[in-house]
Amino acid sequence: MIPLLHPFRFQCPILTNACAFGYAVAVGLAKRLECAQLAAAFENQPRPNAPPSRYAL
-5 MIPLLHPFRF QCPILTNACA FGYAVAVGLA KRLECAQLAA AFENQPRPNA
45 PPSRYAL
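Each residue of the sequence shown is one higher than the one before, counting from -5 in our numbering.
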């Protein structure tokens, strides 16, 4: 953080809110990226054969 010659009283709450918002955005992006990675991993997996139905003829 760049030190200011004349710090303002409201600087900390603004930075805290900005950091909290940035963290929330980062968490959201990470969750979406994780979902995309999981989806890609499942798409690359061979699909298992379904077990035979109990009601099959």
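Note that beta-carbon positions come from the ideal geometry of N, C-alpha and C, so glycine has one too. Predicted model, so just to flag it, every value in this text is computed and none were measured.
Nearest-angstrom Cα distance between Q39 and L32? Translated into the one-based positions of the sequence shown, residue 39 becomes position 45. Translated into the one-based positions of the sequence shown, residue 32 becomes position 38. Approximately 11 Å between the Cα atoms of the pair.
Could you compute how far the alpha carbon of A30 sits from the alpha carbon of F15? The residue you call residue 30 lines up with position 36 of the sequence shown. The residue you call residue 15 lines up with position 21 of the sequence shown. Roughly 23 Å between the two C-alpha positions.
So, helix, strand or coil for Y17, using DSSP? One-based indexing of the sequence shown puts residue 17 at position 23. Helix, per DSSP.
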